[in-house]
Every structure is written in structure tokens, then in C-alpha cells.
Amino acid sequence: MTPQSCERCASTVFAESLQCPVCSAPVGFHPPTLSFRVLDGETVEIDGRTWAACSNRDWRCNWLAPRDEPSAQCFSCRLTRRRPPSDETADLERLADAAVDKRRLLMQLRYLGLPITPYYEREGGLAFDLLAGTPSEPVMIGHANGVITIDLNETLDDRREGVRVRLGEAYRTMLGHFRHEIGHYYQGILVDSDAAWAECRALFGDERASYQDAIDRHYRFGAPEGWADSFISEYATMHPWEDFAECFAHYLHITATLATAARGGVTLDAERVSGHSDASVVPLEDYSAQPIDRMLDDWHWLSLLFNRVNRTMGKDDLYPFRISAPVAEKLAYVHRIVTRVAGS
Numbered sequence: 274m275t276p277q278s279c280e281r282c283a284s285t286v287f288a289e290s291l292q293c294p295v296c297s298a299p300v301g302f303h304p305p306t307l308s309f310r311v312l313d314g315e316t317v318e319i320d321g322r323t324w325a326a327c328s329n330r331d332w333r334c335n336w337l338a339p340r341d342e343p344s345a346q347c348f349s350c351r352l353t354r355r356r357p358p359s360d361e362t363a364d365l366e367r368l369a370d371a372a373v374d375k376r377r378l379l380m381q382l383r384y385l386g387l388p389i390t391p392y393y394e395r396e397g398g399l400a401f402d403l404l405a406g407t408p409s410e411p412v413m414i415g416h417a418n419g420v421i422t423i424d425l426n427e428t429l430d431d432r433r434e435g436v437r438v439r440l441g442e443a444y445r446t447m448l449g450h451f452r453h454e455i456g457h458y459y460q461g462i463l464v465d466s467d468a469a470w471a472e473c474r475a476l477f478g479d480e481r482a483s484y485q486d487a488i489d490r491h492y493r494f495g496a497p498e499g500w501a502d503s504f505i506s507e508y509a510t511m512h513p514w515e516d517f518a519e520c521f522a523h524y525l526h527i528t529a530t531l532a533t534a535a536r537g538g539v540t541l542d543a544e545r546v547s548g549h550s551d552a553s554v555v556p557l558e559d560y561s562a563q564p565i566d567r568m569l570d571d572w573h574w575l576s577l578l579f580n581r582v583n584r585t586m587g588k589d590d591l592y593p594f595r596i597s598a599p600v601a602e603k604l605a606y607v608h609r610i611v612t613r614v615a616g617s
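The sequence shown begins at 274 in our numbering and counts up by one.
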């Protein structure tokens with residue numbers, strides 16, 4: 274999720290790095306310590322245990338797998354339940370592209386301390402079906418009983434951007450798909466009591482309402498007038514499930530970007546920030562002990578800066594969304610249930 278240093282030369286390595294960009298040392302991500310380690314050949318000793326490069330390293334996977342376990346695949350790759358056939362080279366390239374975002378998601382979930390139970394350990398555990406749809410057999414992006422399905426065709430920029438424009442969306446990325454769908458998964462795990470469900474329904478609505486009716490209504494009539502006063506996106510207005518998943522995804526967007534900024538030493542000088550008269554804005558890597566107001570205030574000022582930077586480069590806003598007071602309440606709920614389970 275955030276840049277780290279090469280063990281050998283202290284240069285920056287990134288979430289996608291297979292080797293240090295400066296000294297060329299081969300590196301691999303060690304999930305238990307959330308750190309990149311320099312490999313000695315294809316293995317590295319960590320705390321008395323041998324870890325090896327994932328067997329999918331040729332497909333750009335840079336995670337490590339324990340040598341003493343039966344599978345030569347890393348934890349991230351093992352979570353992929355279904356993938357394209359081995360003779361579909363173009364689809365496998367798209368799989369490799371999508372897997373970069375899947376690993377970024379999983380890194381953040383581990384960083385936040387969220388539980389990840391694989392599908393091969395229990396029914397309803399987390400799994401990914403990463404498949405390329407065809408005109409005769411389309412793939413629907415979604416979540417059901419722990420299984421997240423992603424259409425690999427969305428790794429193609431023209432395809433994804435075409436869908437974004439057609440649906441009138443402000444933002445559509447592969448990482449966004451993963452973060453949204455994982456929200457459905459965690460709603461079923463983190464909302465784990467009658468009291469939690471009562472609070473969830475008070476904020477997001479009753480998820481027991483007909484989903485099919487909601488789909489039909491949304492794609493026939495669109496979002497209601499004034500939707501931005503209560504929802505983070507038009508899609509969030511469709512059904513309480515989608516409202517929760519959208520807010521969960523935005524919680525991940527915000528915490529990941531703030532952590533990256535903090536790790537890079539980004540601060541905003543109060544004297545240089547128009548409209549901000551308090552202390553300088555200093556983002557944090559970890560907001561688990563902070564109230565949501567602190568996180569959202571930091572995000573407000575940082576996102577304004579990032580939007581201006583993007584515009585300077587002729588790009589659209591990095592974060593083209595408005596967080597209204599009702600949306601802030603929903604994000605506060607997500608913050609509470611995430612930090613509660615992470616601290617348990």
C-alpha cells in the first residue's frame with residue numbers, strides 16, 4: 274500500500290516491485306510482516322522459516338510463499354479460485370494486471386488488521402473468480418457468499434472507460450472494483466450483531482429490500498434528485514447493500530491515500546493552505562486510534578491538493594466526490610466496525 278525501503282540499498286520499492294529500481298536486488302513481499310525482503314536466489318530466511326518466490330512470479334506476482342506448505346503459490350494467488358485457461362495467453366495477461374490490484378487490496382486489508390479467511394478453509398470464505406467474459410458468456414462483476422467475481426476485460430482501458438462514460442460514473446478502476454466488492458464481503462462479517470445491524474439499517478437502509486426491484490428501478494429511472502446530499506455516488510442510491518459497499522470502498526480509498534501521503538512525508542503548511550487557519554495538516558499512516566473527524570478533515574485538505582495536482586497535468590480530479598454530513602456518518606460507522614475488529 275505504501276512505499277518501503279530496499280533492505281540492501283535503502284531505496285524505495287513499491288507495491289508492484291519485483292526488484293529494487295536502484296540496486297536491482299530481487300525483492301518479495303512478506304505478508305506476515307507487511308514488508309519487502311531481498312531474496313537470496315528465490316528464497317529468504319525470515320524468523321527461522323524459509324520463504325520462496327511465488328510460483329506465479331513470471332506473471333509479475335511479487336509475494337512470498339512459505340516453503341514448508343504444500344502450495345508453491347502465495348496467499349494472494351491461492352485466493353484466486355477460478356482463472357482463465359492456461360492456453361488463453363491474452364486473458365492471462367489481463368489476469369496478471371488484475372492481480373496487481375488484488376494484491377494491493379490484500380496488503381491494505383492486512384495493514385488495517387481485517388480478518389481474511391480463505392474459501393479453502395471454510396464455507397463462505399474469501400475467494401476470487403477472475404474471468405474474461407465473452408459476448409456469449411459475459412462475466413458479471415459482483416459478490417456472493419464470499420466469492421468476488423471480476424471481469425478481466427475491465428483491465429482494458431478503452432473498455433473500462435467506455436463503461437464509465439456510458440454509466441455516467443465519476444470514477445471506475447480495477448482497484449475500485451476490488452474495494453467495492455470486498456465491502457459486500459465485510460458487511461457480512463463485521464456487522465455481526467442485532468445492534469450492529471440496527472445501526473447499519475438506520476444509516477444505509479434495510480438490506481432485506483428486493484435487490485432485483487432496486488436494480489430495475491435504478492437503471493430505469495436513475496438516481497433520485499438531490500442524491501449527492503445523502504450518498505457518495507449515484508450507484509450507492511440503488512440499494513442499501515450498494516450504499517454500504519460504496520462507503521466501504523471510499524473508506525479504503527481515503528485511508529490508503531492518506532497512509533501513502535504520510536509515508537512520503539507530505540504535510541500541508543497551515544500558512545499556505547487557503548481557508549485553513551489551524552495547525553498544519555499532517556496525515557497519518559494509521560487512523561485507528563483517531564476519530565473519523567480527524568481523518569476526514571485531513572482528507573478534505575489533502576484531496577483538494579491532489580485534485581489541483583491532477584488538473585495541473587491535464588487529468589480529471591483524483592477524488593471527484595463530495596462527502597456530505599450523512600456520508601460522513603456512514604464512513605464513521607465503517608470506521609467503528611473496522612477498528613473494532615482490528616483491535617480485538
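Positions of the beta carbon are idealized from the N, C-alpha and C atoms, including for glycine.
- Whose C-alpha, out of Arg340, Ala345, Glu318, is nearest the C-alpha of Asn329? The sequence position of residue 329 within the sequence shown is 56, counting from 1. Selected option, being the one with the closest Cα: Ala345.
- What is the DSSP secondary structure of Ala417, reduced to helix, strand or coil? For this step, residue 417 is matched to residue 144 along the sequence shown. In the structure shown, Ala417 sits in a strand (DSSP, three-state: E or B).
- Message: Measuring alpha carbon to alpha carbon, tell me which residue in Gln563, Glu515, Asp341 is nearest Gly415.
- Response: Here residue 415 refers to the residue found at position 142 when the sequence shown is read from its first residue. Checking every option, the nearest Cα to that of Gly415 belongs to Glu515.
- Message: For Gly314 and Ala298, I'd like the C-alpha separation in whole angstroms.
- Response: Taking the sequence shown and counting its residues from 1, the one referred to as residue 314 is at position 41. Taking the sequence shown and counting its residues from 1, the one referred to as residue 298 is at position 25. Answer to the nearest angstrom: the Cα atoms are 10 Å apart.
- Query: Which two residues bound the contiguous beta strand (DSSP E) that contains Arg355?
  - Reply: Position 82 of the sequence shown holds residue 355. Per DSSP, Arg355 belongs to the beta strand (DSSP E) from 353-355.
- State the Cα-Cα distance for the pair Pro513 and Asp479, rounded to the nearest angstrom. The residue you call residue 513 lines up with position 240 of the sequence shown. The residue you call residue 479 lines up with position 206 of the sequence shown. About 6 Å.
- Message: Could you check whether the stretch 337-351 touches the stretch 482-500, counting it as contact only if at least three pairs of C-beta atoms, one from each stretch, sit closer than 8 Å?
- Response: no
- Grab me the residues of Ala371's own chain with a C-beta within less than 7 Å of its C-beta, minus the 5 sequence neighbours each way, in chain order. Stepping through the sequence shown from its first residue, residue 371 is reached at position 98. Only Leu403, Ile423, Leu425, Thr428, Met447 meet the Cβ criterion.
- Item | Thr362: first and last residue of the uninterrupted alpha helix (DSSP H) it sits in | Within the sequence shown, numbered from 1, the residue matching residue 362 stands at position 89. From DSSP, the alpha helix (DSSP H) with Thr362 extends over 362-385.
- Item | Boundaries (first-last residue) of the alpha helix (DSSP H) holding Ala601 | In the sequence shown, counting from the first residue as 1, residue 601 sits at position 328. Counting along the chain, the alpha helix (DSSP H) containing Ala601 begins and ends at 598-615.
- Query: How do the stretch 524-540 and the stretch 500-512 stand: do at least 3 beta-carbon pairs fall below 8 Å, yes or no?
  - Reply: no
- Message: Under DSSP, the beta strand (DSSP E) around Glu519 begins and ends at which residues?
- Response: Taking the sequence shown and counting its residues from 1, one reaches residue 519 at position 246. Segment 513-536 is the alpha helix (DSSP H) holding Glu519; no beta strand (DSSP E) there.
- Query: Considering Phe451, what are the terminal residues of the beta strand (DSSP E) in which it resides?
  - Reply: Position 178 of the sequence shown holds residue 451. Unbroken run through Phe451 is the alpha helix (DSSP H), 447-463; no beta strand (DSSP E).
- Query: Residues bridged to Phe504 by DSSP?
  - Reply: Position 231 of the sequence shown holds residue 504. DSSP output for Phe504 lists no bridge partner at all.
- Where does Ser349 sit, in a helix, a strand or coil, going by DSSP? Stepping through the sequence shown from its first residue, residue 349 is reached at position 76. Three-state result, Ser349: helix.
- Message: Is the separation between the beta-carbon of Gly301 and that of Arg310 shorter than 7 Å?
- Response: Position 28 of the sequence shown, counted from the start, is the residue given in the question as residue 301. Position 37 of the sequence shown, counted from the start, is the residue given in the question as residue 310. Result yes, Cβ atoms of Gly301 and Arg310 sit closer than 7 Å.
- How would you call Tyr524, buried or exposed, if buried means at least 16 neighbouring beta carbons within 10 angstroms? On the sequence shown, position 251 is the one that residue 524 refers to. Counting Cβ neighbours within 10 Å, Tyr524 comes out buried, since at least 16 surround it.
- Query: In the structure shown, what three-state DSSP assignment does Gln563 receive?
  - Reply: As a position in the sequence shown, residue 563 is number 290, starting the count at 1. In the structure shown, Gln563 sits in coil (DSSP, three-state: anything other than H, G, I, E or B).
- Query: What separation, rounded to the nearest whole angstrom, lies between the Cα atoms of His303 and Pro339?
  - Reply: Within the sequence shown, the letter at position 30 stands for residue 303. Within the sequence shown, the letter at position 66 stands for residue 339. The alpha-carbon atoms of His303 and Pro339 are separated by roughly 9 Å.
- Have a look at Asp486, Ile488, Gln460, Ser466 and flag the residue whose alpha-carbon is nearest the alpha-carbon of Phe477. As a working mapping, residue 477 is identified with position 204 in the sequence shown. Nearest C-alpha to Phe477: Gln460.
- Task: Measure the CB-CB distance between Arg445 and Arg437 and report whether it falls below 7 Å.
- Result: Walking along the sequence shown from the start, residue 445 turns up at place 172. Walking along the sequence shown from the start, residue 437 turns up at place 164. Yes, the Cβ-Cβ distance between Arg445 and Arg437 is below 7 Å.
- Message: Using the three-state DSSP reduction, which class does Ser308 fall into: helix, strand or coil?
- Response: On the sequence shown, position 35 is the one that residue 308 refers to. Correct three-state label for Ser308: strand.
- Message: Determine whether the beta carbon atoms of Cys520 and Val607 lie at a separation below 7 Å.
- Response: Counted from its first residue, the sequence shown places residue 520 at position 247. Counted from its first residue, the sequence shown places residue 607 at position 334. Cβ distance < 7 Å, so Cys520 and Val607 count as in contact.
- Item | Meets three-Cβ-pair contact criterion under 8 Å: the stretch 357-365 and the stretch 384-401 | no
- Endpoints, beta strand (DSSP E) assigned at Arg493: Numbered from 1 along the sequence shown, position 220 holds the residue referred to as residue 493. Per DSSP, Arg493 belongs to no beta strand (DSSP E); it is in the alpha helix (DSSP H), 484-494.
- Item | Opposing strand residues paired with Glu657 [DSSP bridges] | No answer is possible for residue 657: it lies beyond the span of the chain, which begins at 274 and ends at 617.
- Task: Would you tell me roughly how many angstroms separate the C-alpha atoms of Ala552 and Tyr458, rounded to the nearest one?
- Result: By one-based count along the sequence shown, residue 552 stands at place 279. By one-based count along the sequence shown, residue 458 stands at place 185. The straight-line gap from Cα to Cα measures roughly 38 Å.
- In three-state DSSP terms, what is Leu404? As a working mapping, residue 404 is identified with position 131 in the sequence shown. Three-state result, Leu404: strand.
- Look up Gly301 in the DSSP assignment and give the residues it is bridged to. In the sequence shown, counting from the first residue as 1, residue 301 sits at position 28. Bridge partners of Gly301: Arg310.
- Asp590 (DSSP reduced to helix, strand or coil): Translated into positions along the sequence shown, residue 590 becomes position 317. If DSSP states are grouped into helix, strand and coil, Asp590 belongs with coil.
- Query: Whose C-alpha, out of Ala288, Pro358, Arg354, Leu604, is nearest the C-alpha of Asn335?
  - Reply: Taking the sequence shown and counting its residues from 1, one reaches residue 335 at position 62. The shortest Cα separation from Asn335 among Ala288, Pro358, Arg354, Leu604 belongs to Ala288.
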